[in-house]
Amino acid sequence: MGRNTLVFFQDVGGLAILVKRVFLGLPSAFTRSRLTTEQMLLMGVNSLPLIALVSIFTGAVTAVQAVYQISDYVPMRYIGTAVGKAVMIELAPVLTALVVAGRVGAAIAAELGTMKDTEQIDALETLALDPVKYLVVPRFVAGFIMLPVLTIFADTIAILGGLGVSTASLHVSPHVFLNGLKDFFKMMDLTSGLLKAFVFGSIISIIGCYQGFKTTGGAEGVGRSATKAVVISSVLILISDYVVASILFG
Amino acid sequence: MIEIKEVHKSFAQNEVLRGVNLTIQKGETMVIIGRSGCGKSVLLKHIIGLLKPDQGKILVDGEDITSYNDNELNKLRKRFGMLFQASALFDSMSVDENVGLGLREHTDLPETEIKKKVTKTLKLVGLSGIEEKKPAELSGGMKKRVGLARAIAMDPEYVLYDEPTTGVDPIMADVINELIVSCRNALSITSIAVTHDIVSAHKIADRIAMLYEGKIIFIGTPEETKNTDHPVVRQFIEGSAQGPIPAL
Ligand SMILES: Nc1ncnc2c1ncn2[C@@H]1O[C@H](COP(=O)(O)OP(=O)(O)OP(=O)(O)O)[C@@H](O)[C@H]1O
Ligand SMILES: [Mg+2]
Chain A
1 MGRNTLVFFQ DVGGLAILVK RVFLGLPSAF TRSRLTTEQM LLMGVNSLPL
51 IALVSIFTGA VTAVQAVYQI SDYVPMRYIG TAVGKAVMIE LAPVLTALVV
101 AGRVGAAIAA ELGTMKDTEQ IDALETLALD PVKYLVVPRF VAGFIMLPVL
151 TIFADTIAIL GGLGVSTASL HVSPHVFLNG LKDFFKMMDL TSGLLKAFVF
201 GSIISIIGCY QGFKTTGGAE GVGRSATKAV VISSVLILIS DYVVASILFG
Chain B
1001 MIEIKEVHKS FAQNEVLRGV NLTIQKGETM VIIGRSGCGK SVLLKHIIGL
1051 LKPDQGKILV DGEDITSYND NELNKLRKRF GMLFQASALF DSMSVDENVG
1101 LGLREHTDLP ETEIKKKVTK TLKLVGLSGI EEKKPAELSG GMKKRVGLAR
1151 AIAMDPEYVL YDEPTTGVDP IMADVINELI VSCRNALSIT SIAVTHDIVS
1201 AHKIADRIAM LYEGKIIFIG TPEETKNTDH PVVRQFIEGS AQGPIPAL
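So the protein sequences, as listed, match chains A and B. According to our numbering, the first sequence is numbered sequentially starting from 1. According to our numbering, the second sequence is numbered sequentially starting from 1001.
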């Protein structure tokens, strides 16, 4: 077996062990709720401006493109439907997750990586505190809860973006847009997107923490871990997006 | 009592410990000396279970800790305090939170009692009024003393000091030496200290052990260490470039 293959299987094994320990440690998220809330604020509130920016343009672009693609054979009153479904099922969850992976996933890996490198994680252990319960569980729970919340926020902003563009330059009245959105709305559109967000949130925190714990080699190593966390979680987000979609809609 | 028996440890090709044997009696202060990179910090980390030996045993009060699971290790660690060589303060927490972390996590003491205890412990290491500061705002020597306060805040039975006086000024170094001595005398704490500082070693040690090429090559009281004719030990305590230890 090649060296890379070996490393790959070591990582899969290491991740599996980490995931197991996180699940066993989940109750501590309640006993240490302060740590969890702190992470939720960091992850959620601080990501809002960037997600708002990404979402508003996503919604606007989706509206413009939908008009271009469907206007020849579908009445304009379906534009709200097209934007709503594209945003809720796919665009908002995936783009939000990619933004958070870049912002928060990297930050988690860098923070834990620095802690590893400066022996702060060893110090936690000598104080009889489990680093998984103390550091990973709060971040995992925060990711798990905040990603769906951020996704709902992104849904809203993106739909408003689509509505704005439709009204301002595509000659579709708000009334028509909203009716299109409403008439063909299925609960599944929203829930499938939120289910994806749960999965993505878990991926971002776990990969960030795992890369952080694995860090060796000073500032350079910390940088490497942050980059890896972003790349690996982005790839996993796209793969799991496909997997979840296949299961739900396939 | 801590018994280190025939402990071996390698990192990849690098054989760091090659059969270390050392017994630390209850209530004594053992100082481990040795050249930079000889494995002193690695040895300390074995005693508190941060590293597992490739071979050999570590007995604490007769129990082999190398086969402990996480729960057993945590129980053991509550009886230990450790000062890290580079302090390893949690930089997201204030000084107060660093020193009081163990108390807040493992005891039911009310917050006012914890604050009092933190202030008292900081005073022992010659610090006051810095409770709300973050580690990044402290000098290296202050960090070391906060690390020391964190190590002793839970009144441990055993304290492991990794270079307690490195990076602090000579006067503060003596304060720390006296603190270690008084921990032994007043609280009968068992201590293991790693140091290059020969003055400090002589002041705090009941016995001094020298780690060289992965083994303990000498154990003796400070007096015996001063008068030994063991060539390696002589060269080390005299700080000479000439002798059996290759300087470069
Ligand atoms: N986690 C680790 N992974 C790989 N090698 C390590 C690790 N920790 C220590 N080493 C190696 O073990 C050897 C001993 O290191 P150690 O930190 O114990 O030295 P030391 O005696 O404490 O030195 P100093 O007085 O400079 O602190 C060094 O060669 C170091 O490179
Ligand atoms: Mg060292």
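Note that the Cβ used here is the ideal one computed from N, Cα and C, for glycine as well.
Along chain B, in chain order, which residues have C-beta atoms closer than 7 Å to that of L53(A)?
Under the 7 Å cutoff, chain B gives no residues; its nearest Cβ is about 28 Å from L53(A).
Give the single residue among L1122(B), A1201(B), L1059(B), L1103(B) whose Cα lies nearest to the Cα of I1114(B).
Measuring from the Cα of I1114(B), the nearest candidate turns out to be L1103(B).
Nearest CA to the CA of G251(A): which residue from R3(A), I56(A), G13(A)?
Chain A is shown only over 1 to 250; residue 251(A) falls outside these bounds and no answer can be derived.
For A154(A) and L181(A), I'd like the C-alpha separation in whole angstroms.
About 16 Å.
May I ask whether a heavy atom of ligand 2 can be found less than 7 Å away from the beta carbon of K1040(B)?
At least one heavy atom of ligand 2 is found less than 7 Å from the C-beta of K1040(B).
Where the alpha helix (DSSP H) through N1185(B) begins and ends:
1170-1187 is the extent of the alpha helix (DSSP H) around N1185(B).
Determine the contact status of I1032(B) and V1194(B), defining contact as a CB-CB distance below 8 Å.
Against a cut-off of 8 Å, the Cβ pair of V1194(B) and I1032(B) comes out as a contact.
For L178(A), which residues of its own chain have a beta-carbon under 8 Å away from its beta-carbon, when the five flanking residues on both sides are left out?
Counting only residues of its own chain and dropping the five nearest sequence neighbours on each side, L178(A) has a CB closer than 8 Å to the CB of G80, L163.
Using Cβ-Cβ distances below 7 Å, what residues of the stretch 1072-1090 of chain B are close to chain A?
Result list: N1074, R1077, K1078, F1080, M1082, F1084, A1086, A1088, F1090.
May I have the straight-line CA-CA distance separating L48(A) from L147(A), to the nearest angstrom?
In a straight line, the C-alpha of L48(A) is about 11 Å away from that of L147(A).
Looking at the strands, I want to know which residues DSSP matches up with G1081(B).
Answer by DSSP bridge pairing, in chain order: V1159(B).
Taking DSSP as the reference, what is the three-state secondary structure of Y1212(B)?
Secondary structure of Y1212(B) (DSSP, three-state): strand.
Would the beta-carbon of V1031(B) be found less than 7 Å away from any heavy atom of ligand 1?
Every heavy atom of ligand 1 is 7 Å or more from the Cβ of V1031(B), so no.
Check the Cβ-Cβ distances between Q120(A) and every residue of chain B, and say whether any is below 8 Å.
Taking Cβ atoms only, chain B reaches closer than 8 Å to Q120(A), which makes this a yes.
Using a beta-carbon distance cut-off of less than 9 Å, what residues from the stretch 1034-1059 of chain B approach chain A?
Cβ contacts with chain A come from K1045, I1048, G1049, L1050.
Contact set for V136(A): own chain, Cβ-Cβ below 6 Å, skip 5 residues either direction
In the same chain as V136(A), and ignoring 5 residues on each side of it, the C-beta atoms closer than 6 Å to its own belong to V22, C209, in chain order.
On a CA-only basis, which of D189(A), A123(A), L129(A) is nearest E1072(B)? Give me that one, please.
Looking at the Cα atoms, L129(A) is the closest of the given residues.
What number of angstroms, rounded off, separates the C-alpha of Y1212(B) from the C-alpha of E1224(B)?
Rounded to whole angstroms, the separation of the alpha carbons of E1224(B) and Y1212(B) is 18 Å.
Which of the three DSSP states, helix, strand or coil, is assigned to N1074(B)?
Reduced to three states, the DSSP call for N1074(B) is helix.
So what does DSSP say about M1093(B), is it helix, strand or coil?
Note: M1093(B) maps to coil in three-state DSSP.
Measure the C-alpha to C-alpha separation of K203(A) and L236(A) and round it to an integer number of angstroms.
The question names Lys, yet the displayed sequence has Ile at residue 203(A). Rounded to the nearest angstrom, the two C-alpha atoms are 7 Å apart.
Can you determine whether any heavy atom of ligand 2 sits closer than 7 Å to the C-beta of D1162(B), and answer yes or no?
Answer for D1162(B): yes, Cβ within range of ligand 2.
Limits of the unbroken alpha helix (DSSP H) element including G161(A)
Residue range 137-169 is occupied by the alpha helix (DSSP H) that includes G161(A).
Taking 7 Å as the cut-off, is the C-beta of S1036(B) nearer than that to any heavy atom in ligand 1?
Flag set: Cβ of S1036(B) near ligand 1.
Could you check which residue in R3(A), M188(A), S28(A) has the C-alpha nearest to that of I89(A)?
When C-alpha distances from I89(A) are compared across R3(A), M188(A), S28(A), the shortest belongs to M188(A).
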